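**Q** Following this message is one structure expressed as structure tokens.
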Amino acid sequence: MLNASEIVKEIQKRYKIIGRTEELENIILARLVDKNLIIEGEVGVGKTRIAKAISSFYDTEFARIDCSEETLPHNLVGYFDPPLVISKGYLEESYIYGPLASSMLKGGCLFINEINRMPESTQNSLLTALDEGILEIPKLKTIKAHKKFFAIATQNPAAHVGVTVIGEALKDRFIWISLDFQPPTEEILIIKQEANLDNSGGEKIAQISQQIVDQTRNNSSIRRGSSIRGAIDLAQLISKTENSDSTKNWVNTAVMALYNKIELEDGVTSSKKEIITNIVLSVLNKVDFQ
Ligand SMILES: Nc1ncnc2c1ncn2[C@@H]1O[C@H](COP(=O)(O)OP(=O)(O)OP(=O)(O)O)[C@@H](O)[C@H]1O
Ligand SMILES: [Mg+2]
23 MLNASEIVKE
33 IQKRYKIIGR
43 TEELENIILA
53 RLVDKNLIIE
63 GEVGVGKTRI
73 AKAISSFYDT
83 EFARIDCSEE
93 TLPHNLVGYF
103 DPPLVISKGY
113 LEESYIYGPL
123 ASSMLKGGCL
133 FINEINRMPE
143 STQNSLLTAL
153 DEGILEIPKL
163 KTIKAHKKFF
173 AIATQNPAAH
183 VGVTVIGEAL
193 KDRFIWISLD
203 FQPPTEEILI
213 IKQEANLDNS
223 GGEKIAQISQ
233 QIVDQTRNNS
243 SIRRGSSIRG
253 AIDLAQLISK
263 TENSDSTKNW
273 VNTAVMALYN
283 KIELEDGVTS
293 SKKEIITNIV
303 LSVLNKVDFQ
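In short: position in the sequence shown from 1, add 22, done, that's my numbering.
The structure is reproduced here in structure tokens:
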């Protein structure tokens, strides 16, 4: 049997996850004692990627629910289809299983994306399921969870606008794993891998893209900087231009890649385009294009 650090290495290799060794070790530890996980982190830090890898590694079916303020208990649990109830009655065939009920039955991994956006009334449907592995479906049956059933939820940090905090009762049922931004060297490896930059200029493109995105996270005019997705998009775009040593091409592709991924502070008078252009110029200034 593999030990925890061998399992982590295997997961990194099989699912092409760069770094995250410590976080994966903590996740493995939590899974060893059958705990449910909540992965917290900013947009694009790899929450979904890691959740899918864990689910697949433990050979469980992945049932996903993306939460919003409109997510109702029936979206999670399931519901009786009215026309079928009329023709057949309250039977198994009339019931449409939701992701919670089906993953409990099959022993799957329930992936609850952005759990903090789920209304409190819906959160309550999860409580006994996660705690005791029991889900009551009125007029049908009581489901007892398969022993492989578990849940991985994600949430963005509470500082974000429009994000509510999940209830104490629900929080109590999860083990907390936090994902920060990764160090530049790891981000560069991720960009190279995800943008398929295996040609000779790839290293330089990945480095510049990482630096540009990093600057958006440390700029006083920007409230929310870009995630690594911005760097991956930028690297893909610039690598397809005719000349990836052209300042004009870098500015153009950076505006395309980053415009929708950053948010300016209130009261900033410069435009997003100007701010992105200045960041690109300052990064390129330090690069040697010979
Ligand atoms: N450690 C990593 N190794 C390899 N790829 C990664 C890693 N972290 C992030 N990525 C890549 O970065 C991108 C964003 O990751 P992902 O979708 O998992 O983020 P997220 O935290 O779920 O974002 P969101 O909050 O927007 O849902 C994906 O292309 C993913 O494959
Ligand atoms: Mg995600």
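All C-beta atoms, glycine included, are put in the ideal place defined by N, C-alpha and C.
Keep in mind that this is a model prediction, so the values were computed, not measured.
Rounded to the nearest angstrom, how far is the Cβ of M126 from that of I87, given a contact under 8 Å?
**A** Taking the first residue of the sequence shown as 1, we reach residue 126 at position 104. Taking the first residue of the sequence shown as 1, we reach residue 87 at position 65. So it is not a contact: roughly 13 Å between Cβ atoms.
**Q** So which residues touch the region around ligand 2, with touch meaning a C-beta under 7 Å from any heavy atom?
**A** Answer in sequence order: K69, T70, N135, T176.
**Q** Determine whether the beta carbon atoms of I174 and A73 lie at a separation below 8 Å.
**A** Taking the sequence shown and counting its residues from 1, one reaches residue 174 at position 152. Taking the sequence shown and counting its residues from 1, one reaches residue 73 at position 51. Closer than 8 Å, so yes.
**Q** Is S124 helix, strand or coil by DSSP?
**A** Position 102 of the sequence shown, counted from the start, is the residue given in the question as residue 124. Three-state result, S124: helix.
**Q** Three Cβ pairs or more, each shorter than 8 Å: is that satisfied between the stretch 244-256 and the stretch 209-226?
**A** Touching, yes.
**Q** Rounded to whole angstroms, what is the Cα-Cα separation between A151 and I234?
**A** Numbered from 1 along the sequence shown, position 129 holds the residue referred to as residue 151. Numbered from 1 along the sequence shown, position 212 holds the residue referred to as residue 234. The alpha-carbon atoms of A151 and I234 are separated by roughly 45 Å.
**Q** Would you list the residues sitting across from A85 in a DSSP beta bridge?
**A** Taking the first residue of the sequence shown as 1, we reach residue 85 at position 63. Answer by DSSP bridge pairing, in chain order: L132.
**Q** Among G100, I134, Y112, V65, which has the Cα closest to the Cα of A85?
**A** Within the sequence shown, the letter at position 63 stands for residue 85. Among G100, I134, Y112, V65, the Cα nearest to that of A85 is on I134.
**Q** List the whole-angstrom C-beta distance separating T93 from T176, where the pair is believed to meet the contact cut-off of C-beta under 8 Å.
**A** Here residue 93 refers to the residue found at position 71 when the sequence shown is read from its first residue. Here residue 176 refers to the residue found at position 154 when the sequence shown is read from its first residue. No, T93 and T176 are not in contact; Cβ-Cβ is about 14 Å, not under 8 Å.
**Q** If you draw a straight line from the C-alpha of Q312 to the C-alpha of E296, how long is it?
**A** Residue numbering aside, residue 312 sits at position 290 when the sequence shown is read from its first letter. Residue numbering aside, residue 296 sits at position 274 when the sequence shown is read from its first letter. Its pLDDT being 47, under 50, Q312 is placed unreliably by the model, and the measurement read from it follows with that caveat. Cα to Cα, the separation comes out at about 26 Å.
**Q** What's the call for N58, buried or exposed, on a 16-neighbour Cβ count within 10 Å?
**A** The residue labelled residue 58 in the question sits at position 36 within the sequence shown. Buried, since its Cβ has 16 or more Cβ neighbours within 10 Å.
**Q** With a threshold of 16 other CB atoms inside 10 Å of the CB of W198, please say whether the residue is buried or exposed.
**A** Residue numbering aside, residue 198 sits at position 176 when the sequence shown is read from its first letter. So W198 counts as exposed.
**Q** Please tell me whether K294 and Y281 are closer than 8 Å, where the distance is taken between their beta carbons.
**A** For the purposes of this step, residue 294 is taken as residue 272 along the sequence shown, with counting starting at 1. For the purposes of this step, residue 281 is taken as residue 259 along the sequence shown, with counting starting at 1. Closer than 8 Å, so yes.
**Q** At which residues does the alpha helix (DSSP H) containing F79 begin and terminate?
**A** Taking the first residue of the sequence shown as 1, we reach residue 79 at position 57. Per DSSP, F79 belongs to the alpha helix (DSSP H) from 69-79.
**Q** Less than 8 Å separating the beta-carbons of T82 and G130?
**A** As a working note, residue 82 is residue 60 in the sequence shown. As a working note, residue 130 is residue 108 in the sequence shown. It is a contact, given that the beta carbons lie within the stated cut-off.
**Q** Just the Cα atoms here: how many angstroms apart are S249 and V67?
**A** Translated into positions along the sequence shown, residue 249 becomes position 227. Translated into positions along the sequence shown, residue 67 becomes position 45. Roughly 7 Å between the two C-alpha positions.
**Q** Among the residues of its own chain, which have a CB less than 6 Å from the CB of R53, if the five just before and after it don't count?
**A** What you label residue 53 is simply residue 31 of the sequence shown in a count that begins at 1. Excluding residues within five positions, none has a Cβ falling inside 6 Å.
**Q** Cβ of L98 within 8 Å of Cβ of S147?
**A** Stepping through the sequence shown from its first residue, residue 98 is reached at position 76. Stepping through the sequence shown from its first residue, residue 147 is reached at position 125. It is a contact, given that the beta carbons lie within the stated cut-off.
**Q** In whole angstroms, give me the CA-to-CA distance for F171 and K31.
**A** Against the sequence shown, residue 171 aligns to sequence position 149. Against the sequence shown, residue 31 aligns to sequence position 9. Those two C-alpha atoms are separated by around 24 Å.
**Q** Our contact map puts Y80 next to G100 with C-beta atoms below 8 Å; I'd like the distance itself, whole angstroms only.
**A** As a first step, residue 80 is located in the sequence shown; it is residue number 58 there, counting from the start. As a first step, residue 100 is located in the sequence shown; it is residue number 78 there, counting from the start. With 8 Å as the limit, Y80 and G100 do not qualify as a contact, their Cβ atoms being about 23 Å apart.
**Q** Excluding sequence positions up to five away, which residues of its chain have a Cβ less than 7 Å from the Cβ of V302?
**A** Reading the sequence shown from its first residue, position 280 is the one you call residue 302. So the list reads I234, W272, V273, A276, once near-sequence residues are dropped.
**Q** Report the three-state DSSP secondary structure of Y281 (helix, strand or coil).
**A** Working through the sequence shown from its first residue, we reach residue 281 at position 259. In this structure, Y281 counts as helix in the three-state DSSP scheme.
**Q** Figure out for me which residue from N218, M140, D194 has the closest Cα to the Cα of E91.
**A** Numbered from 1 along the sequence shown, position 69 holds the residue referred to as residue 91. Ranking N218, M140, D194 by Cα distance to E91 puts M140 first.
**Q** Have a look at G155, E115, I137, G247 and flag the residue whose alpha-carbon is nearest the alpha-carbon of K128.
**A** Position 106 of the sequence shown, counting from 1, holds the residue named residue 128. It is G155.
**Q** Quick one: is N218 buried, meaning 16 or more other Cβ sit within 10 Å of its Cβ, or exposed?
**A** Along the sequence shown, read from residue 1 onward, the residue named residue 218 stands at position 196. Flag for N218 reads exposed.
**Q** So S292 packs on S243, CB below 8 Å; how close in whole Å?
**A** Here the question's residue 292 lines up with position 270 in the sequence shown. Here the question's residue 243 lines up with position 221 in the sequence shown. Confirmed, about 6 Å.
**Q** Using only the alpha-carbon positions, how far apart do G252 and K283 sit?
**A** What you label residue 252 is simply residue 230 of the sequence shown in a count that begins at 1. What you label residue 283 is simply residue 261 of the sequence shown in a count that begins at 1. Their backbone Cα atoms lie some 7 Å apart in a straight line.
**Q** Leaving out the 5 sequence neighbours to the left and right, which residues in its chain are closer than 7 Å to Y112 when beta-carbon positions are compared?
**A** By 1-based counting over the sequence shown, the position of residue 112 is 90. F102, K161, L162.
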